[in-house]
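Chemist: Every number in my numbering is 15 more than the matching position in the sequence shown, counting from 1. Each residue gets a CB set at the ideal place from its N, CA and C atoms; glycine is no exception.
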Amino acid sequence: MQEKMSAAKNHIDDHIESSIYSAHLAEVNETRQVIAKEDIFNDRGVLLVKSGSAITPAASRAIVQFKLTKPLQDSVTIQNEMSAKDLLHNFATFIAQDHILQSIHTSYQLEPLLELQCYHYDALPMLKQKITVMSDRMRETFDRTLSCTWFSLLIAKEMHLPPTDITNIFLAALAHDIGMLHINSETLEKKEPLNAEEWRQIQAHVVIGKTILAAIPSVPAAVCLAVLEHHERCDGTGYPFGKVESELSIAGQIIALSDSVISVYYNRFKPEGRGWRDIIPFIQMNNHAFFYRNYEVLITVLRHSELPSTRVVDHDAMLGFIGQVIIKNTQLKHWFNEIKDYMKLIGYSHGDRKLHALQNVIFHIATSVTASGLFQEGFVEWLEQIQDERLSDSYRQVEDIYLMQEEVIFHLQRLNRMVKIHLTDVNKQNVKIKEILESCVSRSDEHIKAMN
Ligand SMILES: [Fe+2]
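1) Report yes if the C-beta distance between Lys145 and Ile193 is below 8 Å; otherwise report no.
2) Quick check on the burial criterion: 16 or more other C-beta atoms within 10 angstroms. Buried or exposed for His462?
3) May I have the straight-line CA-CA distance separating Trp214 from Glu207, to the nearest angstrom?
4) I believe Ala171 touches Asp180 by the beta-carbon criterion, under 8 Å. Please report the beta-carbon distance rounded to the nearest angstrom.
5) Going along the chain, which unbroken runs of the alpha helix (DSSP H) with 4 or more residues stay wholly within the region 293–377?
6) If you reduce the DSSP assignment to three classes, tell me which class Ala230 lands in.
7) If we count the other Cβ atoms within 10 Å of its Cβ and call it buried at 16 or more, is Ile361 buried or exposed?
8) Whole angstroms are fine: how far does the CA of Glu260 sit from the CA of Leu438?
9) Assuming Ala111 is part of the alpha helix (DSSP H), what are its boundary residues?
10) For chain B, check one thing: does any of its Cβ atoms lie closer than 8 Å to the Cβ of Ile193?
11) Can you say whether Asp408 is buried or exposed, counting buried as having 16 or more other CB atoms within 10 angstroms of its CB?
12) How far does the beta strand (DSSP E) with Val79 in it reach, from first residue to last?
13) Please find out if some non-hydrogen atom of ligand 1 comes closer than 7 Å to the beta-carbon of His245.
14) Run the proximity test for His197: is its beta-carbon closer than 7 Å to any non-hydrogen atom belonging to ligand 1?
15) Run the proximity test for Val221: is its beta-carbon closer than 7 Å to any non-hydrogen atom belonging to ligand 1?
16) In three-state DSSP terms, what is Asn57?
17) Checking 8 Å against the spacing of the C-beta atoms, do Leu63 and Ala41 come in under that value?
18) Considering only residues of the same chain and omitting the five flanking positions on each side of Gln117, which have a CB-CB separation below 7 Å?
19) Using a Cβ-Cβ cutoff of less than 7 Å, which residues in the same chain neighbour His379 once the five nearest sequence positions on both sides are dropped?
20) Could you give the distance in angstroms between the alpha-carbon of Ile50 and the alpha-carbon of Val91?
21) Any idea what DSSP makes of Ile448, helix, strand or coil?
22) Just the C-alpha distance for His104 and Glu130, rounded to the nearest angstrom, thanks.
23) Can Arg152 and Val43 be called in contact, C-beta distance under 8 Å?
24) As a quick exercise: from Ser122, Val434, Thr108 and Gln216, pick the residue whose alpha carbon is nearest that of Lys449.
25) Using a Cβ-based criterion (distance less than 7 Å to any ligand heavy atom), does His437 qualify as near ligand 1?
26) Examine ligand 1 and report whether any of its heavy atoms sits within less than 7 Å of the Cβ of His330.
27) Nearer than 7 Å: is that true of the beta carbon of Asp192 relative to any heavy atom of ligand 1?
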């Protein structure tokens, strides 16, 4: 596992990491001074920036050309960094923008807890530096970080975790994406699909974040571990290690759930006019990926929060919409069953751990699908009855079904991408397995095309 971690980290070496971060610091220096608190040398002993000098664009250009003797962040200080009070103010602004979150914040009495945690943040200068740079240079990532931290705090509180665990979760949630400050912004902002190398670069942010925190003696190991694990999933499909449920920490999994929820809400649901209630079917269809206790707590909070049951589809368009949902359900059932059969056909005696993980994905999807009832006998007939008899009381349920279908499609597409990657390193001797996987990909591609 250690080998895998250094492999992940090597995709962005220390030199590139410092270069990217020094460019951010030079930009921050335009609004708040970034000063070298000691002489900065390259690894050949040449003085690059004198103690007391600002990290200007010229200083940054000198830094990017060389490997430094120590991480750049250890040699600089930022004036007017984001204080605990500033951070609390940023939380207040974020919460005030959404009356649902504001109402949950008040009824679950989160304010005193949040205030207390912000003062723990104040005691960690390196975290303050990173959060200050993030707020200036990666505003969207910073806003998502606030969201993720707030949700993580809510879940941790409702799980009645001990105060130390709650603080660790808060700090880890706040720090979970600081590694992004060391990833090339061109890769982060690329609109086209990422290639394998670019994808590996982005994945390195969890290891970089963990490494930065692990170098600070006062940061608990649980915080470092949670940052490292925030993209791991219980079904073994996450990164950097592909750990499974029994190997994961509760803190990392609370952040993973919060991060996923806010990502789907702000990237997909909000632009479509959907509300927080729509998160419930999303979580239900992804329950194989998260700790049971974590998502149960979040669903309970959402259910108790009297969320408006907004409908996105116009009343007049509903009958046509139900028709589309019915067609999609039949196509999806066919696609899902075909892929499941291919995965069974491979057999289980191949001894390939990665292939076992891929086979497990389809069975995890099957668990969620079974719980949802999507492919049960009589399901389509029930939808047809809603359509024929215009049962408007059930229209909202049809929208939930649509959201669940979208999740099944998302997971089948993701599995297809994973199988394609796996095919590039399948042992050539496994001709039979290769043929099965190729047929599996080909059928999935056809289904994806047919459903678009
Ligand atoms: Fe992340």
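Modeler: Once the coordinates are examined:
1) yes
2) Of the other Cβ atoms in all chains shown, 16 or more fall within 10 Å of the Cβ of His462; this residue is therefore buried.
3) 12 Å
4) 7 Å
5) 294–300, 307–318 and 333–360
6) coil
7) buried
8) 26 Å
9) Ala99 to Ala111
10) In summary, chain B is missing from the structure at hand, where a single protein chain is found.
11) exposed
12) Run containing Val79: none in the beta strand (DSSP E); it sits in the alpha helix (DSSP H), Pro72 to Val79.
13) Answer for His245: yes, Cβ within range of ligand 1.
14) no
15) yes
16) strand
17) no
18) Ile110 and Ala111
19) Excluding positions up to five away in sequence, the list reads Asp250 and His303.
20) 5 Å
21) helix
22) 10 Å
23) yes
24) Val434
25) Using a cutoff of 7 Å, the CB of His437 does not count as near ligand 1, since none of the ligand's heavy atoms is closer than that.
26) A distance criterion of 7 Å places the beta-carbon of His330 beyond contact range of ligand 1, judged by its closest non-hydrogen atom.
27) Checking the Cβ of Asp192 against ligand 1 gives yes.
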